[in-house]
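Visitor:
6 protein chains.
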Amino acid sequence: MPFVNIQITREGNVTPEQKAELIKGATELLQRVLNKNPQTTFVIIDEVDTDNWGVGGEPVTLIRQRAKTAK
Amino acid sequence: MPFVNIQITREGNVTPEQKAELIKGATELLQRVLNKNPQTTFVIIDEVDTDNWGVGGEPVTLIRQRAKTAK
Amino acid sequence: MPFVNIQITREGNVTPEQKAELIKGATELLQRVLNKNPQTTFVIIDEVDTDNWGVGGEPVTLIRQRAKTAK
Amino acid sequence: MPFVNIQITREGNVTPEQKAELIKGATELLQRVLNKNPQTTFVIIDEVDTDNWGVGGEPVTLIRQRAKTAK
Amino acid sequence: MPFVNIQITREGNVTPEQKAELIKGATELLQRVLNKNPQTTFVIIDEVDTDNWGVGGEPVTLIRQRAKTAK
Amino acid sequence: MPFVNIQITREGNVTPEQKAELIKGATELLQRVLNKNPQTTFVIIDEVDTDNWGVGGEPVTLIRQRAKTAK
């Protein structure tokens, strides 16, 4: 009965189909590697605003802006 | 000083009164079983879109649709 | 299909019976308030060392020591 | 490669600049105390509705209303 | 820069090789579905004692004992 | 009443003093930036085995071994 939490930035329009693929893939992974029952595997996807996610000491919002400007 | 996190699907209109009941109930549970001080018990409720919650390898959105169709 | 995470400090010898009561109580709470199915309710209890839990800017270890000394 | 999750109530208008300060501060803290590499330090800020956050057995929404009335 | 947290019960001797497979699989899943960079994908596996994990209102410890007795 | 969770790899002998510094620093950060009350700020530190933490699709255990060999 595994529980999987996937946190990603909310950007680039993640579709319901892509979320369904993440759920299916994570569930199959647990079944393949540890023989866990898919019926009792939970997957929760959290989408986080780029203002609220930091890496390297900076919000992702700033990192994305700099990447755009640099093009 | 316990910390309780309750994650539920966002569906069926959970009211502020129901959330207050969950908070009260979880706090009392910790007090009753472990004698924890309610004043330092935190409860956080997360509501998760049905597209973002999977069980059995599928999003809850699909599971709910199938249940409706089957009626 | 709720997911409940209870975090408590690891101290005072929490027994398997008390953990079972927390699991039962949290599951019943979700059933009573939101009519959630117990069969798909997960409860996970995390016990955290008092060195690793802080409140008021201090580890709980120090707070407990001071409380003892003050007696 | 630390991971820091900061959960706060959604109230009082937290600005992107304040979030950037939290991200910067948490990242520097891990670098200063444990010599962790900022480039692989993640910080995620979650803002939680006051209806969904409880302390002392009550939603923060009620606590804030009582504080206002008491003024 | 996704963050994946996999929670499983601590039982049946999960090997370092199996953990490495979970990490590899989850990272590839995020790359395949959302084109996320593996270099900034974190995976954290938590193993939880069966006394501390409940489903159906009962600790997994009890569920496993009953399953054994029923054989 | 913020809640801060710091997850780090369990390696290199993190002392109780360093944990106390992390707790103090995170609590002060929330007070400085958002004027949060230290008395209701929780900090929880989780130490994760290097077998259980992955980045770039690999367990940290392997990454550390390779770094040693490369010296």
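Quick note, the sequences are listed as chains A, B, C, D, E and F, same order.
So the first sequence is numbered by our numbering: it starts at -9 and just counts up by one.
So the second sequence is numbered by our numbering: it starts at -9 and just counts up by one.
So the third sequence is numbered by our numbering: it starts at -9 and just counts up by one.
So the fourth sequence is numbered by our numbering: it starts at -9 and just counts up by one.
So the fifth sequence is numbered by our numbering: it starts at -9 and just counts up by one.
So the sixth sequence is numbered by our numbering: it starts at -9 and just counts up by one.
Think of the CB as a built atom: it goes at the ideal place given N, C-alpha and C, for glycine as much as any other residue.
Source: prediction; values computed, not measured.
1) From P49(A) to A10(D), what does the alpha carbon distance come to, in whole angstroms?
2) If the cut is a Cβ gap below 8 angstroms, which residues of chain A does N91(B) touch?
3) For D39(B), I'd like the list of residues in its chain whose CB is within less than 6 angstroms of its CB, leaving aside the five on either flank, ordered along the chain.
4) From G47(F), L52(F), R54(F) and I35(F), pick the residue whose C-alpha is nearest to that of V45(C); which is it?
5) Could you work out which residue in L24(C), Q55(C), W43(C) and F32(C) is closest to K14(C) when comparing CA atoms only?
6) Which residues bound the alpha helix (DSSP H) around E11(C)?
7) Please list the partners that K14(C) has in chain E, where partner means a Cβ-to-Cβ separation under 8 angstroms.
8) So is E18(C) in contact with chain E if we call contact Cβ pairs under 9 angstroms?
9) Taking the alpha-carbon positions, what's the K133(B) to V(-6)(F) distance?
10) Does any residue of chain A have a CB that is nearer than 9 angstroms to the CB of Q(-3)(B)?
11) Determine the closest residue to L20(D) out of A57(F), T30(F), Q(-3)(F) and G47(F), with distance taken between C-alpha atoms.
12) Does P28(F) have its Cβ less than 9 angstroms from a Cβ in chain C?
13) Who are E48(F)'s beta bridge partners in DSSP?
14) Quick one: Cα of P6(B) to Cα of N42(D), how far?
15) Would you list the residues sitting across from D39(F) in a DSSP beta bridge?
16) Quick check on DSSP: helix, strand or coil for T59(B)?
17) Say whether chain D places a C-beta atom closer than 9 angstroms to the C-beta of L52(A).
18) Which class does T(-1)(A) belong to by DSSP, given the choice of helix, strand or coil?
19) Just mark T59(D) as buried or exposed, buried being the case when its beta carbon has 16 or more other beta carbons within 10 Å.
20) Residues bridged to I53(C) by DSSP?
21) Thinking V4(A) and L12(E) are a contact (beta carbons under 8 angstroms), I'd like their distance in whole angstroms, please.
22) Just how far apart, CA to CA, sit F61(A) and M(-9)(E)?
23) Within the same chain, show all residues whose beta-carbon is closer than 6 angstroms to that of P28(C), passing over the 5 residues directly before and after it, in chain order.
24) Could you tell me whether any Cβ in chain A is nearer than 9 angstroms to the Cβ of P(-8)(D)?
25) Would you say T59(E) lies against chain G (beta-carbon separation less than 9 angstroms)?
26) Looking at the C-beta of I22(E), does it have a partner C-beta in chain A at a distance below 9 angstroms?
27) Apart from the five residues just before and just after R54(E), which ones in its own chain have a Cβ nearer than 8 angstroms to its Cβ?
28) Who are the Cβ neighbours of L52(C) in its own chain at under 7 angstroms, not counting the five residues just before and after it?
Guide: To lay it out plainly:
1) P49(A) and A10(D): Cα-Cα distance of roughly 6 angstroms.
2) This structure cannot speak to residue 91(B), because chain B is shown only from -9 to 61.
3) For D39(B), where only same-chain residues beyond five positions count, the Cβ hits under 6 angstroms are R0.
4) Of the listed residues, the one whose Cα sits closest to V45(C) is I35(F).
5) Ranking the options by Cα distance to K14(C), first place goes to F32(C).
6) That run of the alpha helix (DSSP H) goes P6 to L24.
7) Residues of chain E with a Cβ closer than 8 angstroms to the Cβ of K14(C) are, in chain order, G44, G47 and E48.
8) Cβ-Cβ to chain E under 9 angstroms: yes for E18(C).
9) No statement about residue 133(B) is possible, as the shown extent of chain B runs from -9 to 61 and does not include it.
10) Yes, contact with chain A.
11) In terms of CA proximity to L20(D), Q(-3)(F) leads the group A57(F), T30(F), Q(-3)(F) and G47(F).
12) At least one C-beta of chain C is nearer than 9 angstroms to the C-beta of P28(F).
13) Paired residues: V45(F).
14) Whole-angstrom Cα-Cα distance: 8 angstroms.
15) Paired residues: none, contrary to the question.
16) DSSP places T59(B) in helix when its eight states are reduced to three.
17) So, interface residue.
18) Reduced to three states, the DSSP call for T(-1)(A) is strand.
19) Answer is exposed; the Cβ neighbour count stays below 16.
20) Residue pairing by DSSP places I53(C) opposite no residue, since no beta bridge is assigned to it.
21) Incorrect: roughly 22 angstroms between the Cβ atoms, too far for contact.
22) The identity of residue 61(A) in the sequence shown is Lys, whereas the question assumes Phe. Approximately 21 angstroms between the Cα atoms of the pair.
23) The residues are T17 and Q21.
24) No, its Cβ sits nowhere closer than 9 angstroms to a Cβ of chain A.
25) No chain G is part of this structure, whose protein chains are labelled A, B, C, D, E and F.
26) Residue identity check: residue 22(E) is Arg in the sequence provided, not Ile. True, the Cβ-Cβ gap to chain A drops below 9 angstroms.
27) Here the set comprises E1 and T40.
28) There are no such residues.
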